[in-house]
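Just add 15 to the spot in the sequence shown (first one is 1) and you have this note's numbering.
Worksheet: one structure, shown below.
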Amino acid sequence: MSKAKVEERVCEEISELPDDLIVAILSLIPTKDAVATMFLSKRWLSIWTMVPILDYRDEKEGRNSVWWFLHKSLQYHKAPLVDTLSVRLCSQCPTDVDVGKCVANVVDRCVRGIIFELAWSADPTRLPNSLYSCESLRELSLSDKILVDFPYSSCLPSLQKLELFSVVYKDDDSLQRFLSISCPVLKALFVTRKKDDNLKSLTVKVPSLWCLLYHNCFMNNDVVEEDNSSRCLVIDTPALEEFHVMDTSRDYCLTNHMPCLKGAYLSSNVCPDEKLLISFSSLLSLELCLNHETLVCCSTINFSRLTKLIIDPEDSDWLEPLIILLGNAPKLRNLTVDDAYRDRYGDVLLTWNQPNYVPGCLSSTLEIFEWIEYEDGEEEEEFLTYILAHSKHLKTATISLRPSYDLQDQGLIIGELKDIPRVSTASQLLFQ
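Structural data, given as structure tokens:
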């Protein structure tokens, strides 16, 4: 049977399926392909109009915008319930159109999820107020040239996940009011800020929130002002379990106690207050970008529950301070040193004087050790020797070398590391 005959037979078999099953199949393919099925036969003419998942994306390097296809296809779309609308409009999108119409269209049909990325060449624009009163909406993601203006009447009673990526805000008060009053069941909040977002203080007062990711990193040659004393991040989230903050602006961070905190990521430029440091004592998992300030802060915390620690040394003399930190983590089982970003900070002179004591986690709990992009320096090798010599319950030690080493150098380094004694005879030394 020829290929054409096979394809014709497959098409006939699919056409015999119930409409609900065909709609489910069309939900798995790009919207433009789902719409194209209308040309197969009369049977297929309107099936695509019931597909609940809509995805429209401009190609970043393309010449034509998907806007007109989006605008026309939504006029014919009939599904009473829209599960997800995903839209990405780039610089080729015409600037004289009302992009908010597509949002209003699905809000009227009990949409559950909206992802809207507007990277056109015009100024930031508002989306319709009806978006912020959609009772069915569970997930909302807004990016780039969107002016976020929450009206007083805002209420999203079902919203569980909110993403705000490089948007512009009307003011501090409307955002604070929206988060504290209009989202009673919000669980996850992801915020990426840009320098000129019209926001000084970001106040997150959400009793239901359990995950907060906050990025405030100015890229693309943005200049960070030296005096940012008027800017701060204020957190009042007693149910928070996961807290990730990456901040190069040195904004001050104010928090209330977070007794449920289990996992955290803290970049080197964050200025934590005392309450945040106290909350860290309940952590199970911590990733820490090290510099002198964070080392000093964390050396005073009793990490009584910590089982997993990842450190990014960056520009710090970190070997000896890390031993102090390990001494405050008696239950640590998994330790990773991620040295992949050292090249950003140039050569940092490391010092190592073997301590006259052994942290309790090395002798009793540490099972997994990993060093990413290990550099074959004298101090690094002495530190690794110390770890392997005192980790009595170690199961695996995994070392990946810096990519700058050629194959011959890698072989020599691996040979030297294999000769380092290990107190745990059952442990494996692995190389990537």
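Using N, Cα and C, we set each Cβ at its ideal position, and we do this for glycine too.
Quick caveat, the model's predicted, so the values are computed rather than measured.
Length of the line joining the Cα atoms of residue i and residue j
| i | j | result |
| --- | --- | --- |
| E396 | N306 | 21 Å |
| P418 | R58 | 58 Å |
| L365 | C149 | 56 Å |
| G77 | Q107 | 8 Å |
| T309 | E385 | 21 Å |
| T270 | V126 | 34 Å |
| Q425 | V81 | 50 Å |
| L85 | K220 | 37 Å |
| P139 | T110 | 11 Å |
| D242 | K47 | Unreliable placement is indicated for D242, whose pLDDT of 46 sits below 50; the coordinate value is still reported in the next sentence. Between D242 and K47, the C-alpha separation is close to 49 Å. |
| V50 | A137 | 29 Å |
| A119 | C247 | 34 Å |
| S244 | S216 | Here S244 scores only 47 on pLDDT, less than 50, and its place in the model should not be relied on; the value that follows carries that caveat. Taking the straight line from one Cα to the other gives about 11 Å. |
| N2 | E74 | Limits of the chain in this structure are 16 at one end and 447 at the other, which puts residue 2 out of reach. |
| S181 | D159 | 5 Å |
| G392 | L416 | 12 Å |
| F295 | C105 | 41 Å |
| H92 | S145 | 20 Å |
| L228 | I68 | 27 Å |
| L60 | D34 | 12 Å |
| Q423 | L347 | 35 Å |
| Q175 | S168 | 19 Å |
| K410 | S439 | 8 Å |
| P328 | F193 | 38 Å |
| L292 | F446 | 35 Å |
| L427 | N349 | 27 Å |
| S442 | S406 | 10 Å |
| S30 | V122 | 31 Å |
| L403 | I435 | 8 Å |
| V183 | I429 | 51 Å |
| L324 | N343 | 12 Å |
| V363 | D421 | 22 Å |
Sequence-distant residues of its chain with Cβ nearer than 6 Å to residue i (five each side left out)
| i | result |
| --- | --- |
| G278 | E257, S300 |
| W367 | L334, E394, E397, F398 |
| F131 | V102, L157 |
| I129 | L100, L155 |
| D251 | K220, N271 |
| H115 | Checking the sequence, you will find Gly at residue 115 rather than His. Closer than 6 Å at Cβ, skipping near neighbours: L142, P143. |
| L444 | A412 |
| S195 | K220 |
Residue i versus the options, residue with shortest Cα-Cα distance
| i | options | result |
| --- | --- | --- |
| K209 | L334, S189, C198, H230 | H230 |
| A254 | P222, L269, C268 | P222 |
| L399 | L427, G375, K433 | K433 |
| L177 | S296, D186, R153 | R153 |
| V260 | L422, P274, Y280 | Y280 |
| L94 | R124, L162, S415 | The question names Leu, yet the displayed sequence has Ala at residue 94. Among R124, L162, S415, the Cα nearest to that of A94 is on R124. |
| V112 | S56, L133, V206 | L133 |
| D211 | D98, R320, K185 | K185 |
| R437 | V363, E382, I68 | E382 |
| L162 | L174, Q175, S173, D187 | D187 |
| S151 | V200, V183, L179 | V200 |
| C376 | F318, I429, I326 | F318 |
| V97 | C117, S378, N79, S331 | C117 |
| K202 | T218, W225, Q191 | W225 |
| P172 | Y147, Q191, R72 | Y147 |
Own chain partners of residue i with C-beta closer than 7 Å, once the 5 adjacent residues on each side are dropped
| i | result |
| --- | --- |
| C8 | Absent from the structure is residue 8, since the part of the chain shown begins at 16 and ends at 447. |
| V38 | I62, M65, V66 |
| N236 | Unreliable positioning characterises N236 in this predicted model, as indicated by a pLDDT of 44, which lies under 50. The coordinate reading is nonetheless provided below. None. |
| K290 | T270, N271, H272 |
| S189 | D164, F165 |
| I338 | P370, P374 |
| P45 | D70 |
| Y401 | Q369 |
| R320 | S297, L298, L299, K346 |
Per DSSP, the bridge partner or partners of residue i
| i | result |
| --- | --- |
| D70 | S101 |
| H230 | T207, M261 |
| D354 | Looking at the DSSP assignment, D354 forms no beta bridge with any residue, so it has no partner. |
| T218 | V249 |
| L445 | T413 |
| Y389 | L416 |
| E397 | Partner(s): none; E397 has no beta bridge. |
| F131 | V102, L157 |
| F384 | L350, A412 |
is_contact[residue i, chain B] using C-beta, thresh 7 Å
| i | result |
| --- | --- |
| P143 | Absent here is chain B; the protein component of the structure consists of one chain. |
Near the ligand COA: residue i beta-carbon under 6 Å from a heavy atom
| i | result |
| --- | --- |
| S101 | Because no ligand of any kind appears in the structure shown, any question about the ligand COA cannot be addressed here. |
Other residues of its chain near residue i: CB distance less than 8 Å, five sequence neighbours each side excluded
| i | result |
| --- | --- |
| I387 | T351, V352, D353, D354, A355, S415 |
May I have a chain-ordered list of the alpha helix (DSSP H) segments no shorter than 4 residues that lie completely inside the stretch 406 to 439? 422 to 433
With a floor of 4 residues, list each alpha helix (DSSP H) that falls wholly inside the stretch 245 to 326, ordered by position along the chain. 289 to 294, 307 to 313
Please specify which runs of the alpha helix (DSSP H), each continuous and at least 4 residues long, are wholly inside the stretch 138 to 204, giving them in chain order. 187 to 192
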